[in-house]
Each structure stands twice: as structure tokens, then as C-alpha cells.
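If you're matching positions, the sequence shown starts at 30 in our numbering and goes up one per residue.
Even glycine gets a Cβ: it sits at the ideal position worked out from N, Cα and C.
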Amino acid sequence: MLIELEKRKEPSQAMLYLTPVIAVLATMFVGGILFSLIGHNGFAAVREIFITPLIDTHKWQDLGIKAAPLILIAVGLSIGFRANVWNIGAEGQYIVGGLAGTGIALLTWELEGWWILPLMCIAGVIGGGLYASIPAFLKTKLNVNEILSSLMLTYAAIQLLYYLMRGPWKDPEGFNFPQTRLFNDSQILPEIIPGTIVHLGVPLAFLIAIIAWFVMSKSIFGFQIRVVGSAPAAARYGGFSAKRTIWAAMLIGGGFAGLAGIFEAAGPFQQMVPQFPTGYGFTAIIVAFLGRLHPIGIILGGLVLAVSYVGGEIAQTSLGLPNAAAGIFQAMMLFFLLATDILVKYRLKLNLAKQAGDAS
């Protein structure tokens, strides 16, 4: 029985939204087999990574904490991706945004006031945006590929972080550990649910995603982004500048990543440490595509990837899985998503006639 691909007359909207579900299910099934083959209880691993965080109510707060930065960064990246601006360096912008906000925290460490935390967030947005402006400048002025320039700048940001933690910003009372002072009470995101770790940045991330949905679907700016990405010639005819769009997309993506960075620094970490780079900037790329570059879909995608993060930590302690287990499942998820995307424009067809002809 031969299976062939038959081109659809027009892309399937049903498959557009069904393929992410197929990708997640395929990841669970193939991941279970893969980990069984290397000597682990593979399907127990799937249960711990994908099911336990959903049924264990004590882990729900962790899902919100993990999902918030993923959603923020992915929403910013999705705006650029829709315009065919491929910012792959959100991890670096996330780090620089966190550092910028931390700089304000250190400058105001002996002060108190409601204005300090908003100032830190503004610094985070500006820091991430300015760092993203480097590949934007290189792209618009020198036609340097933004994929490479933004990605390479990530490693420069990591080295800047290490330098500051081991040098100028090291806590003088930190027993020589490479970390900053702990933020004071005016510099920490407040808890919104007493007795939990859910901070103010979690609902803000969801709110920002909803606002982004409204802007992208109802505003001229959103229309410009879509036109420049899908029909550059029509965009030029309509008076939309590709260079201005590149700048806007990069600055927004960098600003959102920087805001996620300071939310993490002022939230779970409550200081800056060398372990601050957690890969959120790269995982957010998976979130953006899993959510079909739509802010509401990104919220769902962010929750799915948050489940894999929290479940990965559970599987480490309960099953002894390696630390990289969650990353393997996340990578498979992206692989299957890209593989099943072909079903949007093509359908599977059983060519029984050809098989019968070959048999005769």
C-alpha cells in the first residue's frame, strides 16, 4: 500500500491547528519508546513529564512561573517571525534585560519606594531592545543575516553576565560567590497569591499576550507586520517600509525578552546569578511555532512547554532521568511540529491503483 502526498487546493485550516496536537502526542509516544530503548522506564517518564504536573495541584504554581517568561518572549518573537524577521537571539536579550534591571536594583539598593520596581522593568525593556537593535542595524545597513548576528550576540551577553558576577557586581558580603546582593523588598515582584511563589509577572505576561493579540489583529501596525511578511511587493506598493518594520520587530522582540529577564531576576531569582541563562529564549521559539505565531495559541504553547520543564524536574527526582531529558522532549516536539506542518498544504493519499499495477 503506497502512501503519497497530494497537494491541497488551499491550505487546511483544520490541520493548521491540529498539527501542534499531533506533534505533542507523537513526542510523548516516540519519547516513551526512545527512553525505554536506552534503559529507562520510558512511558513512566512520559507520565511524569507530561501528566503529573497537570494532576498535581501543588505544581500548578510552578507552571505559571515557567510559562510567564516563555509566553512573553514568544509573543515578541512571533511579531518578528510574522514579518519574516528571524530574531534567534532572544536568550541574549533576555540576559541583557535582566542585567539592565539588576543595574537599577543595585543603584537603588539602599532606597525604598514603589517607583523602583517599575523603573527596573523599564530598564529591562530598554536593555533588551537596545541589544536587539544591534542585529537590526546590521541587517538594515549592511544586510547582515539577523539569524547569525542575533544568535552570536547571545554568547557575548553570557560572557558579560559572567564578568559582572565575578567582578564589579559581586556581593561584597556573599562569601566570594559570583552573585549580586539579594534585592530588597521594593525590588522584588510581589506575590499575588499568598503562600505561593506566583508573582505579579505571571498575570502580566498573560495580559500582555492578550494585548498583543488585539494589536496584531485590529491595528494598522499589525496589518503592516503581516503584509511585509507575506507580500513584500504589496507592502512596498502600500508604502510600508521594510526597514522600519525590521527595526520595530527587533525592538519589540528584544523589549519583551528584556522584560521577561527582569521578571525572572526580580521574581524567582531575587538577584542576579551566573545560572540566570535558562534557555528560555531558545525554548520560546518552540512556543511561538507551537502556538502558530498567534498570541492566544502562544499562551497554550507556553503552558505545554512549562509542563515539560516542571515534569522534567519531577522525573529527575522520581525516576533518575538526566537533566537533559526535558530538553530532548522539547526538541522532539519542534521536530514533529515541523514534520507534520507538511499536512497543512498536502494530504496523505493511498494509491491502491499504483500498487495493483506494480503487482501485476
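Which of the three DSSP states is assigned to residue i in this structure?
i      : result
Leu159 : helix
Glu141 : coil
Ser220 : At residue 220 the sequence reads Glu, which differs from the Ser that was named. Correct three-state label for Glu220: strand.
Pro135 : In the sequence as presented, Pro is not what sits at residue 135; that position holds Leu. Residue state, collapsed to three classes: helix.
Met57  : helix
Met362 : helix
Pro164 : helix
Phe305 : coil
Val154 : helix
Leu350 : coil
Thr147 : Correcting the residue identity first, residue 147 is Pro in this sequence and not Thr. It is helical.
Gly68  : coil
Counting along the chain, where does the beta strand (DSSP E) carrying residue i start and finish?
i      : result
Glu35  : Ile32 to Lys36
Leu377 : Tyr375 to Leu379
Taking C-alpha atoms, which residue in the options lies nearest to residue i?
i      : options                           : result
Gly1   : Lys36, Ala112, Gln42 and Ala73    : The first residue shown for the chain is 30 and the last is 389, placing residue 1 beyond what the model contains.
Pro197 : Leu136, Ser270 and Pro40          : Leu136
Gly267 : Trp276, Phe250, Pro164 and Leu280 : Phe250
Thr225 : Gln300, His87 and Asn213          : His87
Ala277 : Val302, Phe79 and Gly158          : Gly158
Leu211 : Leu171, Gln299, Lys247 and Tyr375 : Gln299
Leu128 : Leu54, Ala186 and Ile163          : Ala186
Ile237 : Gln42, Asp85, Gly126 and Ala103   : Ala103
Met181 : Tyr160, Leu171 and Asn352         : Tyr160
Leu63  : Met361, Leu367 and Ser215         : Met361
How far does the alpha helix (DSSP H) with residue i in it reach, from first residue to last?
i      : result
Lys247 : Gly230 to Lys247
Gln188 : Glu175 to Arg195
Asp91  : Trp89 to Arg111
Trp198 : That residue, Trp198, is in no alpha helix (DSSP H); it is neither H nor E in DSSP.
Val114 : It is not in any alpha helix (DSSP H) - Val114 carries neither H nor E in the DSSP assignment.
Arg321 : Neither: Arg321 is in no alpha helix (DSSP H) and is coded neither H nor E.
Phe285 : Ala271 to Glu293
Thr209 : Note, Thr209: premise wrong, no alpha helix (DSSP H); not H, not E.
Pro297 : Note, Pro297: premise wrong, no alpha helix (DSSP H); not H, not E.
Taking the CB atoms as reference points, tell me whether residue i and residue j lie closer together than 9 Å.
i      : j      : result
Pro98  : Leu190 : no
Ala289 : Ala234 : yes
Thr48  : Val373 : yes
Gln253 : Ala264 : yes
Val154 : Gly331 : no
Phe72  : Gly340 : no
Ile133 : Leu148 : yes
Ala335 : Gly93  : yes
Leu106 : Arg321 : no
Asn213 : Glu293 : no
Met279 : Lys170 : no
Between residue i and the ligand MG, is there a pair consisting of the residue's CB and a ligand heavy atom that are separated by less than 8 Å?
i      : result
Gly118 : Because no ligand of any kind appears in the structure shown, any question about the ligand MG cannot be addressed here.
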